[in-house]
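Colleague: Residue numbers (the numbering used here): 88 to 565. Using N, Cα and C, we set each Cβ at its ideal position, and we do this for glycine too. Since we're looking at a predicted model, the values are computed, not measured.
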Amino acid sequence: MSVVIRAFASALVHVPDFVRYGSKPIRDLAENPALLPDIQRALRSFDEAVAYPPNQVFIGNLRPDDLHGLAQPWYANLIDAAGREGPFGEIMPEEEFYGWFKLADASGLVSLELGFADEVRGAAANHPLIGPDEAGKLETGVPAERNDEALAEGLALPLHFRGKVIGTLKHAHDRDDALKAEVLLENLVAKASGALALRHLLRRAEIGPEEVDFILECSETAIGDRYNRGGGSLSKAIGEMCHCRNATGHDVRAFCASPLHAIIGAAALVEAGIHRNVVVVGGGCQAKIGMKYSAHLKHAMPILEDTLGAIACLVTKDDGASPRIRLDSIGKHDIGAGSSQQAIMTALLARPLARIGLKMLDIDKYATELHNPEVTLPAGSGNTPYVNYRIMASLAALNGEIARTEIEKFVRERGMPGFAPTQGHVPAAVPFIGHALAAMRAGAMKRAMFVAKGSLFLGRMSQLSDGMSFVLEANRAP
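#1: Under a three-way DSSP split, which group does D405 fall into?
#2: Would you list, in sequence order, the uninterrupted beta strand (DSSP E) runs of no fewer than 3 residues that lie entirely inside the stretch 91 to 127?
#3: If you pair each beta-carbon of the stretch 252 to 259 with each one of the stretch 197 to 216, do three or more pairs fall below 8 Å?
#4: What does a CB cutoff of less than 6 Å around L551 pick up in its chain, not counting 5 residues either side in sequence?
#5: Measuring alpha carbon to alpha carbon, tell me which of S110, P140, L559 ends up nearest A354.
#6: Tell me, please, which residues DSSP counts as bridged to I398.
#7: I'd like to know if the stretch 293 to 300 and the stretch 315 to 322 are in contact, where contact means that at least 3 CB-CB pairs between them fall below 8 Å.
#8: State the Cα-Cα distance for the pair E500 and I450, rounded to the nearest angstrom.
#9: Quick one: using the 10 Å Cβ neighbour count with 16 as the cut-off for buried, is N274 buried or exposed?
#10: To the nearest angstrom, how far is the alpha carbon of G147 from that of A168?
#11: Looking only at C-alpha atoms, which of A309, T227, A117, E221 sits nearest to G546?
#12: First and last residue of the alpha helix (DSSP H) that includes H383?
#13: For D553, list the residues DSSP reports as bridge partners.
#14: If we call anything under 8 Å between Cβ atoms a contact, is A282 one with I351?
#15: DSSP three-state call for H155: helix, strand or coil?
#16: For T471, does the count of other Cβ atoms within 10 angstroms reach 16, so buried, or fall short, so exposed?
#17: Give the single residue among A437, M527, G370 whose Cα lies nearest to the Cα of A96.
#18: How far does the beta strand (DSSP E) with F133 in it reach, from first residue to last?
#19: Assuming A344 and A515 make a contact with CB atoms under 8 Å, what is their CB distance in whole Å?
#20: Reducing DSSP to helix, strand and coil, say where T492 ends up.
#21: I'd like the list of long-range same chain contacts for W187, defined as Cβ closer than 7 Å, with 5 residues on each side in sequence excluded.
#22: According to DSSP, what are the bridge partners of G418?
#23: Assign F105 to one of two classes, buried (16 or more other C-beta atoms within 10 Å of its C-beta) or exposed (fewer than that).
#24: Skipping 5 residues on each side, what residues in its chain have a beta carbon closer than 8 Å to that of L216?
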């Protein structure tokens, strides 16, 4: 039995009022509250976020290579008549997301003010993935005075919309830092945005939530209390929110490589016959919202890290049509492999391809860390996708597959511009899955290789790197 990726979904949530609570802005604002007006002036409108070319690529309305032909900077050359809906999912405005955020609150910690709660309920009722019945479960709001009291007593974090306080998020424990409101905000954001992606996936796969057997959640948000930090399970929390009553699951945490670890794990479960329909889902990372805001302010540009990214895919047994995961192509970065870029790419590309008798030129497209360079370059972080593709091309040249004069051609033809929000796990190759599925089903692509690296040294327990890879191949029906 072989294994396929049957469907993919991706979603963006525009959350300009959440920028102040990103890990970097919240620390800077604690030291210098006077920064807030500068941040607020640099926030984008929802229409600007929708019309931003990389965001249109993320939801499938543009192909990654289309970015080559668009004028830069992309934030100053927006797409005319851009839509919030795309083949893979949608871009959701903040006021609608507050409805999902409240629905994700299983402990009564979110209190929205009366008028805003009514607005949120109406928006939720009009969304095709929620509808009036579920929206009716959203509570009536509370008087503003009650939220003011909670804030005055230091029991909650204020929630904002268009610069105004519209609600609060209460601390779940008075002495547990893992359950303080700032952490719970990250948890709820990951849950709600992950549920948005999963519901889009179910609609695109045309299966009911009760048909899902197992869920692997692969975000960077580790939930728990002080006794079990990272214990989870966002997988079951998201599944519960999406009515996957016959599913169980667990969380996969491996820094930026998490989605590939999860997809490979899902493929193994299906191949072994343990589960039939396995979902991989990753919600957005609140901590990385506004991470490079200071560089964007310095360059008089909008704060581009104002969107949460979320992804989901369905892994099943071979259906005769969907692209297959080559289980014999799995690449891994061994503990003893070395952490130089050449060593990592040799482990993740050269060795697995050689094992299955393929050359680097047998892969039509490589997907790697697809960070949007327009976000990272102003901060001096470089163009991550371009650097990775140069390393890949140099490896091909070293192996005699291309001439050194063809390195840039390899980068252009087999790589792609970065287009994903800098959310850690989200840019790590997976945003290209939807594009690959579409191209393979249309007969325009034969193979794509997905490569993700992880920075284990960030946890201070090791100086190692990590990485996983696999080849996705067009299905050849017997």
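Modeller: Result, derived from the coordinates:
#1: In the structure shown, D405 sits in coil (DSSP, three-state: anything other than H, G, I, E or B).
#2: With a minimum length of 3 residues, no continuous beta strand (DSSP E) run stays inside the stretch 91 to 127.
#3: These segments touch.
#4: Counting only Cβ-Cβ distances below 6 Å, and skipping sequence neighbours, we find L543.
#5: Nearest of S110, P140, L559 to A354, Cα basis: L559.
#6: Looking at the DSSP assignment, I398 forms a beta bridge with S97, G369.
#7: Because the criterion of three Cβ pairs below 8 Å is not met, the stretch 293 to 300 and the stretch 315 to 322 do not touch.
#8: Inter-residue distance for E500 and I450 is about 11 Å (C-alpha atoms, whole angstroms).
#9: It counts as buried.
#10: Straight-line Cα distance between these residues: approximately 15 Å.
#11: Checked all of A309, T227, A117, E221; the closest Cα to G546 is A309.
#12: That run of the alpha helix (DSSP H) goes 380 to 385.
#13: DSSP, once it has assigned bridges, lists G541 as partnering D553.
#14: For A282 and I351, no; Cβs fall outside 8 Å.
#15: Annotated three-state conformation of H155 is helix, per DSSP.
#16: It counts as buried.
#17: With distances taken between Cα atoms, A96 lies closest to G370.
#18: No beta strand (DSSP E) contains F133, which is instead part of the alpha helix (DSSP H) from 133 to 138.
#19: Between the beta-carbon of A344 and that of A515 there is about 6 Å, and that keeps the pair under the 8 Å contact cut.
#20: In the displayed model, T492 falls within a helix according to three-state DSSP.
#21: Contacts found: A279, A282, L283.
#22: G418 is bridged to S556.
#23: So F105 counts as buried.
#24: Within the same chain, L216 has close Cβ partners L283, R286, H287, R290.
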